[in-house]
Amino acid sequence: HVLVQEPGTQKPTPWHQDIPYYFVDGKQTVSFWIPIDPVKEATLRLIAGSHKWEKMVLPVRWLNDANFYAGEGDYLPVPDPDNDPSMKVLEWEMEPGDPILFDFRT
Numbered sequence: 001h002v003l004v005q006e007p008g009t010q011k012p013t014p015w016h017q018d019i020p021y022y023f024v025d026g027k028q029t030v031s032f033w034i035p036i037d038p039v040k041e042a043t044l045r046l047i048a049g050s051h052k053w054e055k056m057v058l059p060v061r062w063l064n065d066a067n068f069y070a071g072e073g074d075y076l077p078v079p080d081p082d083n084d085p086s087m088k089v090l091e092w093e094m095e096p097g098d099p100i101l102f103d104f105r106t
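Residue 55 in my numbering sits at position 55 of the sequence shown, and the numbers go up by one each step.
See below:
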């Protein structure tokens, strides 16, 4: 899949896990994140250990924040790791072509 976020985009990408948005299943799936421009701010941010959570984060539509699927009880609420000291956020400054590979459940 390809996700394009133009420089200067005002709305940040919501916290999410990739797997609920795609029709794949399994525990051996990965995503690649490769910037085509230098990224000093608003880089990819991951929550350490989120690939081990028993439930997935509730997927939402990025344009209007509406739920992507029915059945909210089947999912975790969208996390707020910036206000939860128990969650460790991982992020990196990146140059064009620098790849990050991560579990589809992260």
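Ideal placement from N, C-alpha and C gives every residue a C-beta, glycine not left out.
- In the DSSP assignment, ASP103 forms a beta bridge with VAL30.
- Less than 7 Å divides the Cβ of LEU58 from the Cβ of VAL78.
- Judged by DSSP in its simplified three-state form, GLU41 adopts coil rather than helix or strand.
- PHE32 places its beta carbon 7 Å or farther from that of PRO96.
- A residue is called buried when at least 16 other Cβ atoms come within 10 angstroms of its Cβ; THR13 does not meet this threshold and is exposed.
- A straight-line Cα-Cα distance of about 10 Å links ILE47 and GLN17.
- The C-alpha of SER50 is placed about 15 Å away from the C-alpha of GLY26.
- Contact between GLU91 and THR29 is absent: CB atoms are separated by about 22 Å, not below the 8 Å threshold.
- Taken atom to atom, the span from the alpha-carbon of ALA70 to that of VAL39 is near 35 Å.
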